[in-house]
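Protein sequences, first through last, are from chains A and B. Start counting the first sequence at 3; every next residue gets the next number (my numbering). Start counting the second sequence at 44; every next residue gets the next number (my numbering). For reference, the structure discussed in these notes is given below.
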Amino acid sequence: MSDAGELRDRTREFLAANPPGRTERLDFLRARFDAGLAWVHYPEGLGGLGAPRSLQAVVDAELEAAGAPDNDPRRIGIGLGMAAPTILQYGTEEQRRRLLRPLWTGEEVWCQLFSEPGAGSDLAALGTRAVREGDDWVVDGQKVWTSSAHLARWAILIARTDPGVPKHQGITYFVCDMTDPGVEVRPLRQITGEAEFNEVFLTGVRIPDSRRLGAVGEGWRVAQTTLNNERVAIGGMRLPREGGMIGPVASTWRERPELRTHDLHQRLLKLWVEAEVARFTGERLRQQLAAGQPGPEGAGMKLSFARLNQEISGLEVELRGEEGLLYDEWTMRRPELVDFTGRDAGYRYLRAKGNSIEGGTSEVLLNIVAERVLGLPAEPRTDKDVAWKDLAR
Amino acid sequence: MTDLLYSEEEEALRAAVRDLLTDHCAAAGVVARAESAAPHDLGLWKSLAQSMGLAGLLIPETLGGQGATHREAAVVLEELGRAVAPVPYLTSAVVATEALLDCGDEELLEKLATGRTIGVLAVGLHLGPGAAVPVVRLEDGTLHGELTGVADAAAADVLLVPADDGGLYAVAADAVTRTPRISLDLTRPLATVTLDGAPGRRLGEFGPAVRRALRAAAGLLASEQLGLADWSLTETVRYLKERKQFNRPVGGFQALKHRLAQLWLEVVNLRAAARAAADALATGEDTDITVAVAQAYAAPVAVRAAEEALQLHGGIGMTWEHPVHLYLKRAKAGSLAYGTAGAHREALAELVDLRAP
Chain A
3 MSDAGELRDR
13 TREFLAANPP
23 GRTERLDFLR
33 ARFDAGLAWV
43 HYPEGLGGLG
53 APRSLQAVVD
63 AELEAAGAPD
73 NDPRRIGIGL
83 GMAAPTILQY
93 GTEEQRRRLL
103 RPLWTGEEVW
113 CQLFSEPGAG
123 SDLAALGTRA
133 VREGDDWVVD
143 GQKVWTSSAH
153 LARWAILIAR
163 TDPGVPKHQG
173 ITYFVCDMTD
183 PGVEVRPLRQ
193 ITGEAEFNEV
203 FLTGVRIPDS
213 RRLGAVGEGW
223 RVAQTTLNNE
233 RVAIGGMRLP
243 REGGMIGPVA
253 STWRERPELR
263 THDLHQRLLK
273 LWVEAEVARF
283 TGERLRQQLA
293 AGQPGPEGAG
303 MKLSFARLNQ
313 EISGLEVELR
323 GEEGLLYDEW
333 TMRRPELVDF
343 TGRDAGYRYL
353 RAKGNSIEGG
363 TSEVLLNIVA
373 ERVLGLPAEP
383 RTDKDVAWKD
393 LAR
Chain B
44 MTDLLYSEEE
54 EALRAAVRDL
64 LTDHCAAAGV
74 VARAESAAPH
84 DLGLWKSLAQ
94 SMGLAGLLIP
104 ETLGGQGATH
114 REAAVVLEEL
124 GRAVAPVPYL
134 TSAVVATEAL
144 LDCGDEELLE
154 KLATGRTIGV
164 LAVGLHLGPG
174 AAVPVVRLED
184 GTLHGELTGV
194 ADAAAADVLL
204 VPADDGGLYA
214 VAADAVTRTP
224 RISLDLTRPL
234 ATVTLDGAPG
244 RRLGEFGPAV
254 RRALRAAAGL
264 LASEQLGLAD
274 WSLTETVRYL
284 KERKQFNRPV
294 GGFQALKHRL
304 AQLWLEVVNL
314 RAAARAAADA
324 LATGEDTDIT
334 VAVAQAYAAP
344 VAVRAAEEAL
354 QLHGGIGMTW
364 EHPVHLYLKR
374 AKAGSLAYGT
384 AGAHREALAE
394 LVDLRAP
């Protein structure tokens, strides 16, 4: 199955057998998965057809034209973008069969238990312990910045299984059932007033060994698959001109001439140009990927995206003058979706501050560019050959 | 959308130009030539323009050109920028050629296509696509007046001169006086052109011809600036891996690593913007906006790249002997050429309806 025409026919046959208008949403999504049209580059039997990834667009176009329901990818982004590729690469056949279908249909939401209060940029220093007891692992520790934890059925979890070896070697990767006793999810309120993230406390949580992904002690390598897929997902969207954060401020500028000043005009034009150039850069990156020439440019996209979002939203607060002094709502709530460009200017300004922290801080990303792209010498490391238990903390 | 990649043919063209420049445009030679009586490297020009046929890239094959597009010319300019090559490629093979294409003057296009004739548009280098253009007087059928700031005039065989009757005139270079000015950019020197009863041949209306020429110039200058910025980054990274202070490579200090990573990011962005402008000039789609975006972005990045190169080279970067000053001078002069970043942003305010207060 590597031919676009063949795939189009197959999609049309599927639509004829499962007409979207007369099929329940969940039944439709399950049938789509079983027909191998969920993610065509996945293997047969796991929602795919073993086809080139680029052919997914053929399926999506046919389904969209037929008005088919989708699996609401924004709601299940962690499952689709991070858990699924890791399960596919490292999971046993049994794990793949049990987990991937409800993940893709959205019946089971996933979250990620990686960061800890004491392990942010230095994720490999994490201290959540998993101790073997018979066929189970008993897990104790605290995780943080967990979006969707309050909605999730499953989590991908990394925990320390051997404190006596250097930090990268003593980590193991698990799938954690969020409904198990001992898992406690508490909302973590942010500067925006809402709680998009959670803290997750793990107290004596028993995870069967059959829910381990990859070998004991290999968790760091497994996590690289997850994290690489996260960075592909960030900044990977195709946008029209003014499609990002610049859109609302440009509209305000056009609609509200009374707010304009010369200083703001200069800054707006400069940021407009930078946003447009960033859009070209993203487009060029996608063209490189489509042509099978992936470049290192992807590492830079998130850096640009974070800085621009922050500067543009900051400008917008100023542009609004007296209204810039107001905020729409401080009431604590738990949104289901993250929307960087949603709500009002004040919210956008505050939420954008997280863009240079989440998914790798801008400072760490600059190190990565300097070392992996430019080949400059690595930072001096004093932690590589020291057992985790002997590290400074 | 726009094709922002390089085709295989474009990469082959790049490799050929880079080979030539590696052999015939070494930095030390460019530094030495800068102060000589012949600042332009006409031997190198001959190889590029005549042997490789690159003077005629934008000229149709029926007129002896290559019938290629701005995309290929942009690749040539990237390499020329990387080498700060002192050849009148942008001024003759792009700017004068575009003006002649607008006028449809086959006679001169055929000559420029061979590379044996160098043409220069007699308009100040600092003027952008929308600027008012100084003109000379047409009196009794001859041209009179003075035009300042004309880049590469010293190398020209023919000048394209706007006159007060609205016409663009072809004037033989030996019929005018060209007074070299001491220029900030030693590799793209300026001259004052004085016409005292010079005969000229009317080619067409100068308004649209000059506008078209300067728009192409602004758009493709971004590719030259990309080459310059890329050299500055690459050379600085190379040097900082080698240079040791405090018993370690200077490039291992995080303060410098972050500066270089930041610069890399800007060069990546500049590449996308420059490709977008070259492609927009080639296809004619969304050209005004894309060119203005590219030039509003490119010049400040090129200047910063050269300034960072100088600073991070430390003392050696301040010497006449090291070529980084040629790049700094080209970058700074380039930030005024064919409209400043500010002028292009001002143009965008109208083009995308983000109007001034």
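Note that beta-carbon positions come from the ideal geometry of N, C-alpha and C, so glycine has one too.
- For L376/A and Y49/B, the gap between their C-alpha atoms comes out near 21 angstroms.
- For P205/B, the uninterrupted beta strand (DSSP E) run begins and ends at 201–205, by DSSP.
- Closest by C-alpha distance to G382/B, out of L170/B, L186/B, R398/B, is L170/B.
- Taking 9 angstroms as the upper bound on Cβ-Cβ separation, chain A lies near residues V311, N312, L313, R314, A315, A316, R318, A319 of the stretch 310–328 of chain B.
- Within chain B, the residues placing a beta-carbon under 7 angstroms from that of F282/A are L47, A315, A316, A319, ordered along the chain.
- In this structure, A85/A keeps its C-beta atom at 9 angstroms or more from the C-beta atom of I160/A.
- Our two residues, Q295/A and Q289/A, have alpha carbons roughly 8 angstroms apart in a direct line.
- The criterion of a C-beta distance shorter than 9 angstroms is satisfied by L115/A and A151/A.
- The stretch 286–295 of chain B and the stretch 138–153 of chain B do not touch, with fewer than 3 CB-CB distances between them shorter than 8 angstroms.
- Taking all protein chains in view, the Cβ of T220/B is surrounded by fewer than 16 other Cβ atoms within 10 Å, so the residue is classified as exposed.
- Remark: three or more beta-carbon pairs, one from each stretch, lie closer than 8 angstroms, so the stretch 165–179 of chain B and the stretch 367–383 of chain B are flagged as touching.
- Close partners of W255/A in chain B (Cβ separation under 8 angstroms): L397.
- For P343/B, the secondary structure class from DSSP, reduced to helix, strand or coil, is helix.
- Annotation: D145/B to L203/B spans about 12 angstroms, alpha carbon to alpha carbon.
- With respect to chain A, the C-beta atom of W307/B has a partner C-beta closer than 9 angstroms.
- Rounded to the nearest angstrom, the gap between the Cα atoms of L271/B and E121/B is 7 angstroms.
- Straight through space, the alpha carbons of Q354/B and A298/B are spaced by roughly 13 angstroms.
- Within the model, the alpha-carbon separation for S306/A versus E278/A is close to 12 angstroms.
- Under DSSP, E104/B forms no beta bridge with any residue.
- Residues are counted here when their Cβ sits less than 9 angstroms from a Cβ of chain B; for the stretch 366–385 of chain A these are L367, L368, N369, I370, V371, A372, E373, V375, L376, G377, L378, P379, A380, E381, P382, given in chain order.
- In this structure, the alpha-carbon of H187/B lies about 35 angstroms from that of T105/B.
- Three or more beta-carbon pairs separated by less than 8 angstroms are not found between the stretch 190–198 of chain A and the stretch 75–92 of chain A, which leaves the two stretches without contact.
- If you keep only unbroken beta strand (DSSP E) runs of at least 3 residues inside the stretch 199–272 of chain B, you get 201–205, 210–215, 220–223, 233–242, 244–248.
- Proximity of G295/B to chain A, defined by a Cβ-Cβ separation below 9 angstroms, is satisfied.
- Under the DSSP assignment, P104/A falls in the alpha helix (DSSP H) whose first and last residues are 95–107.
- For N200/A, the enclosing beta strand (DSSP E) covers residues 199–210.
- Secondary structure of V177/A (DSSP, three-state): strand.
- T363/A and A315/B have their C-alpha atoms spaced approximately 24 angstroms apart.
- Its Cα nearest to that of M247/A, the residue F342/A stands out among F342/A, A217/A, E320/A.
- Just so you know, the alpha carbons of F35/A and T205/A end up roughly 36 angstroms apart.
- In the same chain as A206/B, and ignoring 5 residues on each side of it, the C-beta atoms closer than 8 angstroms to its own belong to V178, V179, R180, L181, L186, Y212, G243, F249, in chain order.
- Under the 8 angstroms Cβ criterion, the stretch 256–269 of chain B counts as touching the stretch 322–340 of chain B, having at least three qualifying pairs.
- For the stretch 250–274 of chain A, the beta-carbon criterion of a distance under 7 angstroms to any beta-carbon of chain B is satisfied by A252, W255, R256, R262, T263, H264, H267, L270, L271, K272, W274.
- Among the CB atoms of chain B, none fall inside 9 angstroms of the CB of S150/A.
- With respect to chain A, the C-beta atom of A392/B has a partner C-beta closer than 9 angstroms.
- Non-local beta-carbon contacts of V130/B in its own chain, meaning distances under 7 angstroms to residues more than five positions away in sequence, involve H83, D84, L87, W88, L91, L123 in chain order.
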